[in-house]
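See below for the structure under consideration.
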Amino acid sequence: MNLKEFSKKTGIPVSTISKALGNYKDVNRDTKNKIIALAKKYNYVPNLYAKTLASGHTFSVGLVLPFTYSYEQKITLIDFIENIHSKLHSINIPVIMLFAKDEKEEIRALDKLINYHKVRLILLNNTKKIDKRINYLDDNNINYITWGRCGKEAKEYSWIDEDIEYSNKLAIDHILKKGHKNIGYIDSDLKLNYSLLRKKCFIDSLKKNKIKINKKFFVNGYRDSRKKTVQNVKDLLVNNTDISVLLVSSHLFAMYVIEACNQLNKKIGRDISLLSFDSNILSTMAPNITVVSQPVKKTNEYFIKIINSKINNLSKNYNYLYKTKLVDNNSVISI
4 MNLKEFSKKT GIPVSTISKA LGNYKDVNRD TKNKIIALAK KYNYVPNLYA
54 KTLASGHTFS VGLVLPFTYS YEQKITLIDF IENIHSKLHS INIPVIMLFA
104 KDEKEEIRAL DKLINYHKVR LILLNNTKKI DKRINYLDDN NINYITWGRC
154 GKEAKEYSWI DEDIEYSNKL AIDHILKKGH KNIGYIDSDL KLNYSLLRKK
204 CFIDSLKKNK IKINKKFFVN GYRDSRKKTV QNVKDLLVNN TDISVLLVSS
254 HLFAMYVIEA CNQLNKKIGR DISLLSFDSN ILSTMAPNIT VVSQPVKKTN
304 EYFIKIINSK INNLSKNYNY LYKTKLVDNN SVISI
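Counted the way our numbering counts, the sequence shown spans residues 4 to 338.
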C-alpha cells in the first residue's frame with residue numbers, strides 16, 4: 004500500500020499523514036497516535052526514498068575517519084566499519100565515509116556530509132569532554148550519535164558507551180585480589196572523555212582502598228608514537244622497581260607496553276604483571292594478556308538498533324550503557 008492508497012483508505016489527507024509519520028511538530032499528538040495506529044492496522048510503511056525526495060535529506064548516515072589512527076586503531080575501526088556498513092545496508096541505510104587529516108579538515112568533512120551528501124545522521128567516536136565536532140553539529144541543529152559519552156547531559160543526545168565505572172571495578176578487584184598495591188598506570192595522551200573517566204575511576208579506587216597515590220606511577224601512552232610510549236614504560240619500570248603490575252588504559256597501548264617489557268627482559272606473568280582494557284583486538288594479537296573485554300558483537304548490534312531508531316525518529320534520544328567482562332589469561336600473578 005502506497006501513501007495515496009493509505010490516505011484514501013483512512014480518509015486522512017496525504018500531507019497530514021506525511022507530517023504525522025515524519026514527526027512534524029505542527030501535528031498534534033492525538034492525530035499522530037491515530038495515524039500511527041492506522042498505519043499498523045493496515046500494514047502501511049512509509050517509503051524512505053519518497054520521504055527523501057520530500058525532505059531534501061537522504062536516509063543515510065555519515066562518519067569521518069582520521070588518517071592519523073595508529074595501526075591498532077585502524078584494525079579496530081575496520082572491524083567496526085565492516086559490521087555497521089553491511090548491517091545498515093541490509094536495512095536500506097547507506098553509510099557515507101569521508102577522511103580527514105586533522106581537526107579542521109574533520110569539521111570541513113562534516114560540513115560536506117551534511118550540505119552536499121545530505122546525510123540524516125552523523126556518527127562520532129573518540130569523543131572529548133569539550134568536543135568541537137559536537138559544538139559544530141549542535142550549532143547547525145544536526146543529529147548525531149556518539150560512541151562514547153561527551154560532556155553533555157546524558158539525556159540531551161544519543162550515545163552508546165562502556166560502563167567505565169564497572170570495568171574499572173573488575174580490573175582493580177582482580178589486581179587487589181592477587182595482592183598488588185604498587186600499580187603502574189598507562190594513561191592516554193589524547194585526553195578523550197573515556198580516558199579521563201577511566202583515570203578518575205582508577206584514582207577513586209586507590210583512595211577507596213586506602214592505597215597511596217604516587218604520581219610517579221603514571222605515564223602517558225602516545226597514539227602516534229610507539230617509540231615514545233615504549234620509552235615511557237621502560238623509564239617507569241626502571242625508575243620504580245617496586246611496581247608489580249601495569250594497568251593499561253586502552254588496548255591501543257598494550258602492544259607498546261608488551262614491547263617495553265620485552266626490551267627490559269621482563270617476562271609478563273612472571274617478572275611483571277599486566278592487565279589491559281580491550282575491545283577484542285588483544286584476543287588475537289596478545290592472547291596471553293588478562294583483559295577487561297568489551298562484548299563487541301552485542302554492542303555493535305545495539306549500535307545498529309540505535310541508528311535505525313534514531314534515523315526514524317530524530318526527535319527522540321537513545322542511550323545504551325554496556326558492561327564488560329574480565330578474561331583471566333594469567334598475566335596477573337599472585338604475590
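Backbone N, C-alpha and C fix where the C-beta goes; we use that ideal spot for every residue, glycine too. Since this is a predicted model, take the numbers as computed values, not measurements.
- The alpha helix (DSSP H) runs lying completely inside the region 75 to 135 and spanning 4 residues or more are 106 to 118, given in chain order.
- For the pair residue 163 and residue 246, the Cα-to-Cα distance works out to about 35 Å.
- Taken through DSSP and simplified to helix, strand or coil, residue 156 comes out as coil.
- With 16 or more neighbouring CB atoms inside 10 Å of its own CB, residue 165 falls in the buried class.
- Counting of Cβ neighbours within 10 angstroms places residue 273 among the exposed residues, the total staying below 16.
- Residue environment for residue 196: buried (at least 16 other C-beta atoms within 10 angstroms of its C-beta).
- Within 10 angstroms of the beta-carbon of residue 92 lie fewer than 16 other beta-carbons, which makes it exposed.
- Contact check for residue 99 and residue 65: beta-carbon distance about 5 Å, within the 8 Å limit, so the pair qualifies.
- Judged by DSSP in its simplified three-state form, residue 70 adopts coil rather than helix or strand.
- Between residue 278 and residue 178 a beta carbon distance of about 6 Å is seen, short of the 8 Å cut, so the two are scored as contacting.
- Comparing alpha-carbon positions, the option among 5, 167, 291, 198 lying closest to residue 255 turns out to be 198.
- DSSP, read as helix, strand or coil, puts residue 184 in coil.
- In this structure, DSSP gives residue 276 an extended state, which the three-state scheme calls strand.
- Here residue 165 is bridged, per DSSP, to 325.
- In the structure shown, residue 334 adopts coil according to DSSP, grouped into three states.
- About 5 Å separates the CB atoms of residue 250 and residue 188; that is less than 8 Å, so the two are in contact.
- Per DSSP, residue 62 lies in no alpha helix (DSSP H) segment and is marked neither H nor E.
- Residues of the same chain with a CB within less than 8 Å of the CB of residue 103, apart from the 5 flanking positions on each side, are 67, 68, 69, 70, 109, 111, 112 in chain order.
- Apart from sequence neighbours up to five positions away, the residues of its chain that approach residue 291 with a beta-carbon distance below 8 Å are 271, 272, 332, 333, 334, ordered along the chain.
- In this structure residue 17 is exposed. Its beta-carbon is surrounded by fewer than 16 other beta-carbon atoms within 10 angstroms.
- By DSSP's assignment, residue 190 forms a beta bridge with 223.
- Inter-residue distance for residue 308 and residue 185 is about 42 Å (C-alpha atoms, whole angstroms).
- Taking the CA atoms as reference points, residue 217 sits about 14 Å from residue 240.
- Its Cα nearest to that of residue 261, the residue 232 stands out among 214, 232, 243.
- Separation of residue 192 and residue 124 (C-alpha to C-alpha, rounded to the nearest whole angstrom) is 29 Å.
- In the three-state DSSP reduction, residue 281 falls in the strand class (E or B).
- Across the structure, residue 15 and residue 311 are spaced so that their CA atoms are roughly 27 Å apart.
- In this chain, the alpha helix (DSSP H) harbouring residue 241 covers 229 to 242.
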